[in-house]
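Below: the structure, in structure tokens.
Residue numbers (my numbering), protein chains in the order written: chain A, 369 to 480; chain B, 10 to 121.
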């Protein structure tokens with residue numbers, strides 16, 4: 369099925385550990401972005417990309433890295449996990465021709 | 010970026026029409042108005058987008074007055090399954106492609 373696939377769905381990390389959240393889309397979308405959502409809040413933009421090889425920071429980029437080596441994949445790396453990074457992470461993609469963005473089902477991350 | 014203001018919560022009953030109003034006083038010429046719906050534990054889902062006047066699709070209608078400083082999402086004959094958070098966003102489809110900025114949204118609760 370076409371869409372945005374995020375893995376894993378759930379993850380528990382210890383403080384200081386690193387990990388990569390995966391995001392893949394099969395719609396040939398040039399735009400991809402990462403968001404985090406904390407309880408009772410809207411989504412906040414972490415990083416985004418307008419095409420392979422091009423990335424930029426969003427509202428809350430500290431502690432996260434991204435790269436975009438292919439059109440399909442946009443992984444989000446946590447360098448040294450902190451409890452403040454406990455959140456639900458969403459990946460989204462779109463293109464200039466699309467009206468809206470397609471979101472993945474999210475990764476629920478807990479840092480202890 | 011134009012900020013949006015919308016009610017934190019609304020209640021309705023099944024079968025009623027629901028209108029959620031969003032204020033965006035600083036909207037710019039290139040900005041479009043977009044609404045997303047989010048169910049618990051899911052990513053947001055695109056509902057509708059418009060620039061001016063009225064837009065209608067199979068899910069909702071979007072009313073935008075001439076000054077574009079506000080917009081109203083109209084959901085006809087809501088059901089229990091319409092209980093969700095609804096986000097109003099202002100998108101610059103020119104300079105800010107690739108990213109979205111969310112507010113806190115409106116929690117709509119539909120009662121039987």
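Glycine included, every Cβ here is placed at the ideal spot set by N, Cα and C.
Reducing DSSP to helix, strand and coil, say where residue i ends up.
i              : result
residue 109(B) : coil
residue 452(A) : helix
residue 91(B)  : helix
residue 414(A) : strand
Excluding the 5 residues preceding and the 5 following residue i in the sequence, name in chain order all residues of the same chain whose CB lies nearer than 7 Å to its CB.
i              : result
residue 396(A) : 439
residue 62(B)  : 73
residue 433(A) : 445, 447
Residue i to residue j, Cα distance in whole Å?
i              : j              : result
residue 381(A) : residue 415(A) : 21 Å
residue 464(A) : residue 388(A) : 28 Å
Determine, using beta carbons only, whether residue i comes closer than 8 Å to chain A.
i             : result
residue 95(B) : no
residue 55(B) : yes
residue 15(B) : no
Which chain B residues sit within Cβ distance under 9 Å of residue i?
i              : result
residue 464(A) : 102, 106
Under 8 Å between beta-carbons, which chain A residues line up against residue i? List them in chain order, please.
i              : result
residue 24(B)  : In chain order: nothing, as chain A lies at least about 27 Å away.
residue 113(B) : 408, 409, 410
Taking 8 Å as the limit between beta carbons, can you name the residues of its chain near residue i, skipping five residues before and five after?
i             : result
residue 78(B) : 32, 33, 34, 36
Going by beta carbon distance, what residues of the same chain come within less than 6 Å of residue i, once the five residues before and after it are set aside?
i             : result
residue 94(B) : 47, 114, 116
Can you check whether the C-beta of residue i is within less than 8 Å of a C-beta belonging to chain B?
i              : result
residue 371(A) : no
residue 432(A) : no
residue 446(A) : no
From the beta carbon of residue i, is the nearest beta carbon of chain C less than 8 Å away?
i              : result
residue 110(B) : Note that chain C does not occur in the displayed structure, where the protein chains are A and B.
Just to make sure I have the definition right: I need the residues of chain A whose C-beta is within less than 9 Å of the C-beta of residue i. Which are they?
i             : result
residue 58(B) : 467, 468
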